[in-house]
Amino acid sequence: MPENRIILESFSIAHGEVRDVEISLYSIIRNELFFLQAFLDHYRSIGVQQFLILDDHSTDGSTEFLKAQNDCVVLSSTYQFGNRFISETGNGNRKTVRAGTLLKSAIPQKYLRGKYSIYADADEFLVLPPGVTDLRELIERLKKNNIDCVAASQVELYPESLSDLTKKVKPQTLDDILAISPFFDSGPIVRLVEGAQPKKCGPSASERLFRRYGVRGGHSMFKWLPDSILRRLGYSAASSSVFKTPIMKNSERVHMVGSHMASVPPASSILLALLHFKFTSEFQNRIEQALQWRSHSGKGEKYRNYHLLYKKMARHNGNFFGSSTTKYTGPKALEDSSLMKFGYPNV
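Residues in the sequence shown are numbered consecutively from 817, following my numbering.
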């Protein structure tokens, strides 16, 4: 597609130099200073040697923080995350594609081609399976078994109640964030399928909360209607994603398509986990910024859903807990909850 070439040519390096290392992570951030210290600390601890971060015009000090890190390469682009492209899809059809989607695919195409790389947002923390000490060991096992990409459950962490989110923290480590939001929903949410993309098999914590508090999907102009009328109109509870493909060996054949999926099916016997911290003291600021920027899919529809969820929770008891709420104690807790598995015969 011509827009891919345009995106590839839009990159420049604002700080640092891309090194030929074994394990690199890439990400796109905007105003993520709250997470960055803990994010870098965690991924360094599991073996990331280099971070390629596309800074989408941050104004909160994220840019300056990243430029002070010796292992961070700060990228810039002439396009912003929310810019739109009109793409030809064949048969004379067209679709609108956000630049953010293209940028996520283009970073490893330009800088990490032929290498395994990690992709994560600043609020996502990859968890390795029990018995795997670091990313180098994991990737060596992937190479041995000719595995090009691996999927991960997106496990949403949350506190007990909304009142816990009033505690202002400046997290330096993953443990600092877990101290506020240590709970998750037990039970599988992703089913791996041989030769096909993963299938959703259970709701995320967000979706459970949307159902409980009556937050419906659909056009925002109808959100003020009572739940009984929304149900008659066919609007079900709002939903959220449950998996990503955070590790892949980028090539002409293997690349990101969209924000969560690879162009080829991931391994069917390995499921990692991403601890996803939506519910933090910073999330209200994120909601307000997203609604102002309107750069996410659906012009920030998912953030309108969370805005409404918080309002409804505040009017009730504000409790996040569900019937399967479990406290995170480490990778084994995720494995026991069927949110992670590492069962490839020769791995």
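Glycine included, each C-beta is placed from N, C-alpha and C at the ideal position.
Query: Same chain, Cβ closer than 6 Å to Lys-1065, five either side skipped, listed in chain order; Result: Tyr-932 and Asp-964
Query: Element boundaries [alpha helix (DSSP H), containing Phe-855]; Result: 849–861
Query: Cβ neighbours of Gln-866 in the same chain (closer than 6 Å, five flanking residues each side left out); Result: Arg-835, Val-837, Ser-840 and Asp-887
Query: Expected contact under 8 Å - CB spacing of His-1076 and Ser-1057 to nearest Å; Result: 6 Å
Query: Coil, strand or helix - His-1123 by DSSP; Result: helix
Query: Inter-stretch contact at 8 Å, needing at least 3 Cβ pairs: the region 869–884 / the region 1001–1011; Result: no
Query: Beta-bridge partners of Val-1006, as assigned by DSSP; Result: Lys-1016
Query: Per-residue burial, Arg-1024 [other beta carbons within 10 Å of its own, 16 or more giving buried]; Result: buried
Query: For Phe-881, the three-state DSSP class (helix, strand or coil); Result: helix
Query: Helix, strand or coil at Ala-1021 according to DSSP, with G and I counted as helix; Result: helix
Query: For Val-922, the three-state DSSP class (helix, strand or coil); Result: The sequence given here places Ala at residue 922; Val does not occur at that position. Note: Ala-922 maps to helix in three-state DSSP.
Query: Endpoints, the alpha helix (DSSP H) within which Pro-1147 is located; Result: 1147–1152
Query: Residues bridged to Thr-989 (per DSSP); Result: Answer is none; Thr-989 lacks a bridge partner.
Query: Residue from Thr-1061, Gly-1146 and Ile-955 with nearest C-alpha to Ala-1078; Result: Thr-1061
Query: Residue-chain proximity (Thr-894, chain D), Cβ-Cβ < 9 Å; Result: Looking at the structure shown, chain D is missing, and only one protein chain is on hand.
Query: Val-864 and Pro-1147 closer than 9 Å at C-beta; Result: no
Query: Residues of its chain near Ile-955, where Cβ-Cβ distance is below 6 Å and the 5 sequence neighbours each way are ignored; Result: Tyr-932
Query: Extent of the continuous beta strand (DSSP E) run through Lys-1065; Result: 1059–1065
Query: Ser-893 to Gln-1105 span [Cα, whole Å]; Result: 20 Å
Query: Strand pairing of Gln-866, partner residues [DSSP]; Result: Ser-840
Query: Phe-1136 vs Ser-1002 beta-carbon contact at 9 Å; Result: no
Query: Ile-934 versus Arg-1028 - alpha carbon distance; Result: 34 Å
Query: Proximity to Arg-821 [Cα-Cα], best of Ala-915, Gly-1030, Ser-843 and Glu-972; Result: Ala-915
Query: With 16 other Cβ atoms within 10 Å as the buried cut-off, status of Pro-1161; Result: Its pLDDT being 47, under 50, Pro-1161 is placed unreliably in this model, and the value from its coordinates should be taken loosely. The residue in question, Pro-1161, is exposed, as its Cβ has fewer than 16 Cβ neighbours within 10 Å.
Query: Candidates Arg-929, His-1123 and Met-1156, of which the one nearest Arg-1069 by Cα; Result: Arg-929
Query: 8 Å contact criterion, which Ser-1020 and Glu-972 should meet: CB distance rounded; Result: 6 Å
Query: Coarse secondary structure for Phe-897, derived from DSSP in three states; Result: coil
Query: Cβ shell of Val-1073 (< 8 Å), same chain only, five flanking positions each side left out; Result: Ser-921 and Ser-1079
Query: Candidates Leu-981, Ile-829, Thr-917 and His-831, of which the one nearest Ala-1130 by Cα; Result: Leu-981
Query: His-1132, buried or exposed, once every other Cβ within 10 Å from all chains shown has been counted against 16; Result: exposed
Query: Sequence-distant residues of the same chain with beta carbon closer than 7 Å to Ser-826, five excluded per side; Result: Ser-893, Thr-894 and Tyr-895
Query: Through-space distance from Thr-989 to Tyr-974, alpha-carbon basis; Result: 17 Å
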